[in-house]
Amino acid sequence: MDTNAFTTVTTADPLMSVRGLSKFYGTRIGCDAVSFDLFPGEVLGIVGESGSGKSTLLSCLAGHLAPDTGEVIFATAAGPRDTVKMAEAERRRLARTDWAFVHQNPRDGLRMGISAGGNVGERLMAVGARHYGDIRAQAIDWLGRVEISADRIDDRPSGFSGGMQQRLQIARNLVTGPRLVFMDEPTGGLDVSVQARLLDLLRGLVREMGLSAIIVTHDLAVVRLLADRLMVMKGGYVVEHGLTDQVLDDPQHAYTQLLVSSVLQV
Amino acid sequence: MIQISNLSKSFTLHNQGAAVIPVMEGAALSVEPGECVGLIGASGSGKSTLMRMIWGNYLAASGSIMVGGLDVARAAPRDIIALRRRTLGYVSQFLRVVPRVPTVDVVAEPLLNLGVPVAEARARAEALLAQLNIPERLWSLSPTTFSGGEQQRVNIARGFVHPYPALLLDEPTASLDATNREVVLTLIEAAKTRGAAIIGIFHDEGARARLCDRLVDVTSYTPGPTQ
Amino acid sequence: MTEQAYNFAYLDEQTKTMIRRAILKGVAIPGYQVPFASREMPMPYGWGTGGVQVTAACLVPEDTLKVIDQGADDTTNAVSIRRFFQRTAGVAVTEATTEATVIQTRHRIPETALAEGQILVYQVPIPEPLRFLEPRETETRKMHELEDYGLMHVKLYEDIARHGQIATSYDYPVKVEGRYVMDPSPIPKFDNPKLAGNAAIQLFGAGREQRIYALPPYTEAISLDFDDYPFVASKADHACDLCGAAASYLDEVITDDQGSRMFVCSDTDFCGSRRAAGHVGRLGTPLAGGK
Chain Y
313 MDTNAFTTVT TADPLMSVRG LSKFYGTRIG CDAVSFDLFP GEVLGIVGES GSGKSTLLSC
373 LAGHLAPDTG EVIFATAAGP RDTVKMAEAE RRRLARTDWA FVHQNPRDGL RMGISAGGNV
433 GERLMAVGAR HYGDIRAQAI DWLGRVEISA DRIDDRPSGF SGGMQQRLQI ARNLVTGPRL
493 VFMDEPTGGL DVSVQARLLD LLRGLVREMG LSAIIVTHDL AVVRLLADRL MVMKGGYVVE
553 HGLTDQVLDD PQHAYTQLLV SSVLQV
Chain E
59 MIQISNLSKS FTLHNQGAAV IPVMEGAALS VEPGECVGLI GASGSGKSTL MRMIWGNYLA
119 ASGSIMVGGL DVARAAPRDI IALRRRTLGY VSQFLRVVPR VPTVDVVAEP LLNLGVPVAE
179 ARARAEALLA QLNIPERLWS LSPTTFSGGE QQRVNIARGF VHPYPALLLD EPTASLDATN
239 REVVLTLIEA AKTRGAAIIG IFHDEGARAR LCDRLVDVTS YTPGPTQ
Chain P
17 MTEQAYNFAY LDEQTKTMIR RAILKGVAIP GYQVPFASRE MPMPYGWGTG GVQVTAACLV
77 PEDTLKVIDQ GADDTTNAVS IRRFFQRTAG VAVTEATTEA TVIQTRHRIP ETALAEGQIL
137 VYQVPIPEPL RFLEPRETET RKMHELEDYG LMHVKLYEDI ARHGQIATSY DYPVKVEGRY
197 VMDPSPIPKF DNPKLAGNAA IQLFGAGREQ RIYALPPYTE AISLDFDDYP FVASKADHAC
257 DLCGAAASYL DEVITDDQGS RMFVCSDTDF CGSRRAAGHV GRLGTPLAGG K
C-alpha cells in the first residue's frame, strides 16, 4: 500500500499568526513574547490561573487592547494584514464580520433592553441587511440552532436563564458567519449540566461552520472537550504549547504538571 | 503502515524533586496493512505508554513513530489531529464524552468530523450499535450513565464507525460477555481483512491467539531500573 | 432695562463668531454634530436656547424673523422668542413664511415650500440619534466616526417586532448624504421628506447638549427604513376642518366633553393664508376666526 496516500501534513496558510506579542501595564507584565499560528478550523485553548495573562492576550488578539509590541496577522479576504496596525474603522469592520467575541458574562455581550431577535439581527443590520422579513427569518433560524424556542424571539434576554443568555450571545455572534471566534470563559458561571449542553452546541457549531476559535478558560475539562491545541500561560508567558490531550496527559513543564495534578480528574 | 524505531520516553516529575523516570528505550515495531500485532508484557512494562505515544497522547523523547507517512513523534498538533481524523483510530479503555450527548451522536461524531452528512453518519452509527447489541432505547441517552460493558461497546463503535487504515485497541474485549466478545472479534477480523494495520493489547488469550499475527514483548524496551 | 443694554441680538460678537464657525463647519460636513460653547441664555433650557443662539448668530438688522412652535406663531414659546429678538435685535418680524428670511422652529417644518436665501433654525432637545440605544457619548461618537450604524436599524426592527410597523412617528432618523445619521429634532416624520433637497439652509441648535449641525441647501437626507417596511410620511387621515387642506399636517383638537374633535392645520400661517384665499373646511367659516 502506498503510505503517501495517508500523508496528512496540512499545508493551508494560518488564519491568524501572532508574533512577539507583548503588553505591559507599567512595569507589570500583562503578557510577553507570545507567538503562535492558528489554522482554519482549529480550536486553541489558553489556560492559566488568574493573572497569568490569558485575558490580556485575548484582549490584544481581539483588538480590545493595543499591545506594546508584536504583530497579530489575520488572513483577511484581501490577504494577510496586521490588525494591530489597522485603522480602528477597519478593525471594527473585521470585528463584526470575520470575528466574533463571546463574553463570560452574557450581559457584556448582549443588549439587555433589546429583544432576542433584535440582538441576533444587529450584526446583520450592521453589515447592511435591510429586509426585515429576512433578518427575522435568520434570527429564528439561529435561535433554533442554539435551542431557543422561536416564540421567545420578541422577549428581552433579561428574562432568560443564564444558559439561554449565553446561547443567545453565541447566536448573536455567529449569525454573520464569522471565521474566528474569541471566547472568554464561555461556560463560566453556568451550572454544570448547562455547561455540558453549551459545550456540545459549541462543538457542533465549530464543526458545521468550520470555525476557528480561541478559548480562554481556567477549566481544563472545557478545553479537553473543545480545544484541539492548548497553550498554558503563567506570569504572562506561554510555558507550554501542544496538542490538548498531550499537554494534559503528559505535561512537560513544572507549572503544567502542577496545574493538571491540582484539578479533580478531567 | 506503522513503523516505530529507536523510540524512548521518560517522565520528569518536576513537582517531586524533578525525578526522571525512564519508561521506554529503543522501542522498534513495524505493522503492515492487514496485520495485527499484540503487545505483551507485565503490568507497568509500558504497553499502554507505547500505545499512547503512537496516538500522540504522550510525547516521545527520541526516535520516530511513522503512521501513514507522518512522524507522530515530531508532527505539528494539527497534523496529528488530521491523522486521528482520517487515518488512525483508537479504542481506549475509557469513554470520554461530553455529558448529555446521545449515544448515537457520540458514535457518529468521527464521521461528522470527516464531513459525512448527518443522516448517513447516524445511520452507520445505529447499524454498528445494533450489531454490538446496544438496545435501541439507549441510543438517545448519554453513555455516561451506561454500565462498563455498554460503555466499552460504545467506545468500540466509535473506533469502528470509520474504516481507519490503522487502529490501536486497548483491551477491546475486557469486560464483555461471550456474545459481545464474539461480535467485537468479528469486527476486528473484518478490519484486518480490509487491510487495517492493528496494534492491540489483549489480556484475553483466546482473542490474542485468534487475531494476532505476531506478539511483541514490550518488556524488552523497558529501561533497567524499573524492571 | 433698555434695548441699548444689549449687543445686537443679545450675544456678544465674539460669541457669535464662535457660533458662526460652528455653523460653517456644520454646513461643510452635513449631518455632523459640531460641539460649541453654548451660552447661558435668559430662558430655561428646553425653551429653545440652542435655536436662539443659532438665530442670534445668523441675524442681521435687515432680516425678517418668524418664530413657530409646533407650527403655530401664537404659542407662548414662539411669542416669547419673537419678542426677545424684537427687543434685543430690533429686527422686523412676520408670521408669513414667504416673507421671513430667518425662521426659528420647534417641532415643525412650514408647509409652504422654502426658498433659496431663507434660513430655517431648529430647536433640538437631544441631537444624538443613537442616544437611547447607546448611552455612552464616547461610544456614539466612535460609531459616527466609523459609520457603525447597525444599531439604528435595531431600533426600527424593535418597532416592527413590537408594533407590526415602524411606530417611530417623530424624531425619525435620516442618513445625510450617505454618511452621517442625523436626528432631525422632534419634527413629525410627515415633515421628513421636506428635509431633503430643501432650498433653504437648515441649521440645528442644541443648547443644553452644546451641539450644532446643519443641512446645506439641496442636501440628501434619507429616512432610514427596511426594504419590506418602507418609510411612510404619515399624517392624520383627514382634511383640515378650517381650510380644507388635504395634505397638510394636522393637530387634533378636542372641542367638548363629549369627545367631539376637529382636525386643524398645525401650520397656522398656511391655514390662515388658505382661508384668506377662500378655502373653507368642514367646520370653517369664510375669513372668520373659527368656532
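Residue numbers (this note's numbering), protein chains in the order written: chain Y, 313 to 578; chain E, 59 to 285; chain P, 17 to 307. Ideal placement from N, C-alpha and C gives every residue a C-beta, glycine not left out. All figures in this text were calculated on a predicted structure; none of them were measured in a lab.
Item	Value
Can you check DSSP and say which residues form a bridge with V68 (chain P)?	Bridge partners of V68 (chain P): none, in fact.
Tell me which residues of the segment 502-517 of chain Y have at least one Cβ-Cβ distance to chain E shorter than 9 Å, keeping chain order.	V504, S505, Q507, A508, R509, L511, D512, R515, G516
Could you tell me the alpha carbon to alpha carbon distance between A38 (chain P) and P141 (chain P), rounded to whole angstroms?	18 Å
If I measure Cβ to Cβ from L69 (chain E) and keep anything under 6 Å in the same chain, skipping five residues before and after, which residues do I get?	Here residue 69 (chain E) turns out to be Phe, not Leu, going by the sequence shown. Cβ neighbours of F69 (chain E) beyond the five flanking positions: I79.
Using a Cβ distance threshold of 8 Å, determine whether the segment 209-219 of chain P contacts the segment 125-137 of chain P, with at least three qualifying pairs required.	yes
Can you tell which of E:M124, E:R272, E:I259 has the C-alpha that lies nearest to the C-alpha of Q151 (chain E)?	E:I259
Relative to chain E, which residues along the segment 526-558 of chain Y have a C-beta separation below 7 Å, given in chain order?	L537, D540, R541, G554, L555, D557, Q558
Would you call the segment 480-490 of chain Y in contact with the segment 404-420 of chain Y, where contact means no fewer than 3 C-beta pairs closer than 8 Å?	yes
Does any residue of chain E have a CB that is nearer than 9 Å to the CB of A399 (chain Y)?	no
Within this structure, are the beta carbons of V276 (chain E) and A85 (chain E) separated by less than 9 Å?	yes
Evaluate the contact criterion for the segment 225-238 of chain E versus the segment 252-268 of chain E: three or more CB pairs, one atom per stretch, below 8 Å.	yes
Could you tell me how far apart the beta carbons of N288 (chain E) and D562 (chain Y) are, in whole angstroms, since I believe they sit closer than 8 Å?	Look at the range of chain E in this structure, 59 to 285, and you will see that residue 288 (chain E) is not part of it.
Tell me the DSSP secondary structure of L71 (chain E) in three-state form.	strand
Count the CB pairs spanning the segment 102-110 of chain P and the segment 187-198 of chain P that are closer than 8 Å, and state whether there are at least three.	no
Residues of chain Y with a CB under 9 Å from the CB of V81 (chain E): which are they?	Near V81 (chain E) there are no residues of chain Y at all, since even the closest Cβ is about 11 Å away, more than 9 Å.
Starting from the beta carbon of H415 (chain Y), find every residue of chain P whose beta carbon is closer than 7 Å, and list them in chain order.	Within 7 Å Cβ-Cβ: nothing; H415 (chain Y) doesn't reach chain P, min ~16 Å.
Check the Cβ of R178 (chain P) against every Cβ in chain Y and list those closer than 9 Å, keeping chain order.	S427, D466
Against chain P, which members of the segment 420-445 of chain Y pass a CB distance test of less than 9 Å?	R423, G425, I426, S427, G429, G430, N431, G433, E434, R435, L436, M437, A438, V439, G440, A441, R442, H443, Y444, G445
With a cut-off of 9 Å, does the C-beta of H160 (chain P) fall near any C-beta of chain Y?	no
Based on DSSP bridge pairs, tell me the residues matched to A108 (chain P).	P:T80
Is the number of C-beta pairs between the segment 85-94 of chain E and the segment 126-138 of chain E that are closer than 8 Å three or more?	no
Would you say I482 (chain Y) lies against chain P (beta-carbon separation less than 9 Å)?	no
Does the CB of S461 (chain Y) have a neighbour CB from chain E at under 9 Å?	no
Based on the DSSP output, what are the partners of F279 (chain P) in its beta bridges?	P:E268
Q274 (chain P) and S201 (chain P) look like a contact to me (Cβ under 8 Å); what is the Cβ gap, rounded to whole Å?	Their Cβ separation, rounded to whole angstroms, is 36 Å, which puts Q274 (chain P) and S201 (chain P) out of contact at 8 Å.
Is there contact between the segment 429-447 of chain Y and the segment 506-522 of chain Y, where contact requires at least three CB pairs shorter than 8 Å?	no
What ranges does the beta strand (DSSP E) occupy inside the segment 132-170 of chain P, keeping only unbroken runs of at least 3 residues that lie completely in it?	135-139
CA-CA distance, L327 (chain Y) and L97 (chain E)?	41 Å
Helix, strand or coil for D262 (chain E)? Go by DSSP, reduced to three states.	coil
In chain order, which alpha helix (DSSP H) runs of at least 4 residues are fully inside the segment 488-546 of chain Y?	504-521, 532-538
Starting from P135 (chain E), trace the alpha helix (DSSP H) both ways and give me its first and last residue.	135-144
What did DSSP end up calling A216 (chain P) once you bin it into helix, strand or coil?	coil
Flag this pair as yes or no: are the beta carbons of L422 (chain Y) and Q477 (chain Y) separated by less than 9 Å?	yes
Output yes or no for whether 9 Å exceeds the beta carbon distance between L146 (chain E) and G173 (chain E).	no
Using a Cβ-Cβ cutoff of less than 8 Å, which residues in the same chain neighbour A462 (chain Y) once the five nearest sequence positions on both sides are dropped?	I452, L455, G456
If we call anything under 9 Å between Cβ atoms a contact, is A72 (chain P) one with L146 (chain P)?	no
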